[in-house]
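Novice: Sharing a structure here in structure tokens format.
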Amino acid sequence: MKRPQANKINHILLKHGDERLDPYYWLNERKKPEVIQYLEEENRYTADIMKDTEELQNLLYEEMKSRYKKDDTSLPYFFNDYWYIVRYEEGKEYPIFCRKHQTLDADEEIILNSNLLADGLEFFEIGSLSISEDNKTAAYSYDSLSRRIYTIYFKDIETGEILKDRIENTTGKAVWSSDNQYVFYIRKNKNLRAFQIYRHKIGTSAQEDVLVYHEKDDTFDVNVFKTKSSQYIIISSSSTISDEMRFIPADNVFAQWQIIQPREPYLEYSVEHFETDFYIITNAGGATNFKLVKTPIEQTLKENWTEVVPHREGVLLEGFEIFNDYLVIEEREKGLLKINIRNWTTGVYNSIDFQDPTYTAYISINLDFNSEVLRYGYTSLTRPSIIYEYNMRTGSTKILKQQEVLGGYFKPEDYISERIWAPARDGQQIPISIVYHKNTPKSKNTPLLLYGYGSYGHTVDATFSNIRLSLLERGFIYAIAHIRGGEYLGREWYEAGKMLSKKNTFFDFIDASKFLIEEHYTSSEHLYAMGGSAGGLLIGAVINMEPKLFKGVIAQVPFVDVVTTMLDENIPLTTGEYDEWGNPNDAVYYHYMKSYSPYDNIEEKDYPHILITTGFHDSQVQYWEPAKWTAKLRDLKTDNNLLLLKTDMTSGHGGASGRFESLKDDAFEYAFLLKLENKIEVKSKTSMP
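Shown next, in the form of structure tokens:
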């Protein structure tokens, strides 16, 4: 099939005296028939090129699906007189939300069956489910377009009646007042920024709802939540570098909202409540890696904050959980998560130890202040997820639920995980988490897939993946580069990969790739890279800088037209991200962004094999960025390597909806990699060498 060729219509973009020619600017007009035609042509071309892998895709899909328990049930948790459970039925794509009164032996009560709501919809995603304090009414929301715009509905749980109340254009969250008469929710503006908090009275029209907070600064987003104690409702307003929170008692929705601490540039904080105090994680006073403080509810300004857990160099404070007798701290040191428990009375600390060289541990759902047991989760590259119960008084531990891997052949001991450190060009050390089958040799002929993200302080931790087994069993090594821009090595690791230091993110990924080759894990002839969203920016930047370093790359919903997007304040997320990327209305940031923007730096040269994916309804990275990138690459690249664009015309940033439907996307991407390795022969389980 002939390669698609997008029309070139000259469009000049002028800023700071700098002229950029964008011949594919017209692709952002989503309602034009020519745009749909081009995307569909690319889809047909991609399907034609991948036709020889269709049998393999089907096999991979069935293989991935077969490892999951079809009728799985969540671990029950107890709250306000009920045990809550989420379960799946075999043959169904969506969750069923249930509860049982007081004991697990009680009759099951179905609160919401998502499968009934999703019937007939091309896309469906539950936003949230929230139960009134009298346990009688459920507020739930869902998105049927994949733009992350949710409609909130209400259900009388006792009668099953869907109430007339209906609230559109929200983030999906609903927070109940203590009297069960009101909910607070968040509206989005035309740019999909969460900017207003409304109060809705049950039984009335949304047109009667009362605006209680309007965030006018377009670099801030708002959120609303109830404290663990259920005593306070809090509105948070946050930018990348600043927070401001205000509260009212949950039993008095008409109370005056009280600001905890007014916003200040570079002052970040988050709040929880316990007894007479607010407990606050903050970077106040130069606490780069954050500290925990508390303050009386009547005196919340920062001058009243007293230290509970001090700031420590090299230890990132990520979270905490409060109990009557214990304080549980979640922290990260040298990249690895730790859970420490302090007895309020004795002051004695206990730590929960983990053995894998690279792993993820986290505090799970703990809603009871009076409990002496802690639920926490653990997973690693070789170990499926486990939820433990740790007795903080006795130190004993038991397993509550373990992720099952069906099929009968998975054994953790058959896989090896490692963490190595690659030298960066500026002397820093880049951690890399690695997993492979014990029979997979490290050699120049071994295929290796390197994943990266490196933005927003988001850390890609080492977790188990059922899906990934399909690559590992076919001789691939899988690795995660914990590059700057994430917080794997603390807040400074993030700060060193943003704004005018953003190129460190790309350099780290390149240097990690070269180190893996130098250490004989693989070679450029068998090295592949993958990243999504801001990780797609990473992929686009590194193949411009080092196009011969990789055999092939996969860029999922990639953010690749950085300058144009960040100059357009009408696009979702732009203004709220000036503190992440910089504001290109400032010439310094403009020219720095332009120097790495993947779309602006495409040249006439050879590129690796490339698979690009996007969703037509993507609200985070608009579909036209990957579409324009594809068109320009196709026009300028000088090689005959594969360049494929796959647009899901029914989905958005998160891909296909449904529990198993999204596995088809994974199967497609893996088939692309296996095609490049000439391994498209159909086998359900490769016999390892």
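Letter by letter, the sequence shown follows residues 1 to 689 of UniProt numbering.
The beta carbon of each residue, even a glycine, is placed where N, CA and C say it ideally should be.
Please read these numbers as outputs of a predicted model, since none were measured by experiment.
(1) Any idea what DSSP makes of Gly241, helix, strand or coil?
(2) Could you check what DSSP says for Asp600 in three-state terms: helix, strand or coil?
(3) Look at the alpha carbon of Lys228 and the alpha carbon of His273, and state the distance between them as a whole number of angstroms.
(4) Give me the Cα-Cα distance between Pro357 and His482, rounded to the nearest whole angstrom.
(5) Using the Cα positions of Tyr521 and Ala462, report the straight-line distance between them to the nearest angstrom.
(6) Give me, in chain order, the residues of the same chain whose beta-carbon lies closer than 8 Å to that of Ser114; leave out the 5 immediate sequence neighbours on both sides.
(7) Once DSSP output is grouped into helix, strand and coil, what is the label at Ile260?
(8) Quick one: give me the first and last residue of the beta strand (DSSP E) that Tyr84 is part of.
(9) Cα separation between Gln355 and Arg419?
(10) Can the beta-carbon of Phe515 be found closer than 9 Å to that of Val542?
(11) Hey, out of Leu367, Glu577 and Ala627, whose CA is closest to Tyr82's CA?
(12) Could you check what DSSP says for Gln556 in three-state terms: helix, strand or coil?
(13) Taking all protein chains shown into account, do 16 or more other C-beta atoms lie within 10 angstroms of the C-beta of Lys188, making it buried, or fewer, making it exposed?
(14) For a cutoff of 9 Å on Cβ pairs, would you count Trp624 as touching chain C?
(15) If I measure Cβ to Cβ from Thr46 and keep anything under 7 Å in the same chain, skipping five residues before and after, which residues do I get?
(16) With a cut-off of 8 Å, do at least 3 Cβ pairs link the segment 662-674 to the segment 60-67?
(17) Whole angstroms are fine: how far does the CA of Asp22 sit from the CA of Leu13?
(18) Could you check if Lys551 belongs to the surroundings of the ligand GTP, using beta carbon to heavy atom distance under 8 Å?
(19) Going along the chain, which residues of its own chain have a beta-carbon closer than 7 Å to the beta-carbon of Ser364, five neighbours each way excluded?
(20) Based on the DSSP secondary-structure assignment, which residues constitute the bridge partners of Ile233?
(21) By the DSSP assignment, the alpha helix (DSSP H) with Pro33 in it spans what residues?
(22) Could you give the distance in angstroms between the alpha-carbon of Ser443 and the alpha-carbon of Ile510?
(23) What does a CB cutoff of less than 6 Å around Trp257 pick up in its chain, not counting 5 residues either side in sequence?
(24) Can you tell me the Cα-Cα spacing of Arg468 and Val253, whole angstroms?
(25) Just checking, does the segment 305-319 make contact with the segment 275-286 on the three C-beta pairs under 8 Å criterion?
(26) In the structure shown, what three-state DSSP assignment does Lys294 receive?
(27) Quick one: Cα of Val175 to Cα of Gly652, how far?
(28) Would a C-beta distance cut-off of 9 Å place Pro558 and Pro626 closer than the cut-off?
(29) Whole angstroms are fine: how far does the CA of Val560 sit from the CA of Glu29?
(30) CA-CA distance, residue 690 and Lys51?
Specialist: This is what the structure gives:
(1) The residue you asked about is not Gly; residue 241 is Ile in the sequence shown. The answer is coil: DSSP assigns Ile241 none of H, G, I, E or B.
(2) helix
(3) 7 Å
(4) 14 Å
(5) 19 Å
(6) Tyr94, Pro95, Ile96, Phe97, Phe124, Ile126 and Tyr142
(7) strand
(8) Tyr82 to Arg87
(9) 13 Å
(10) no
(11) Leu367
(12) strand
(13) buried
(14) Within the model displayed, chain C is absent; a lone protein chain is all it includes.
(15) Leu644, Leu645 and Lys646
(16) yes
(17) 7 Å
(18) The model on display carries no ligand, and the ligand GTP is accordingly not part of it.
(19) Arg375, Tyr376, Gly377 and Ile387
(20) Lys226 and Ile248
(21) Pro33 to Ile49
(22) 19 Å
(23) Arg246 and Ile248
(24) 48 Å
(25) yes
(26) strand
(27) 26 Å
(28) yes
(29) 18 Å
(30) Because the chain is modelled from 1 through 689, residue 690 falls outside the range shown and cannot be assessed.
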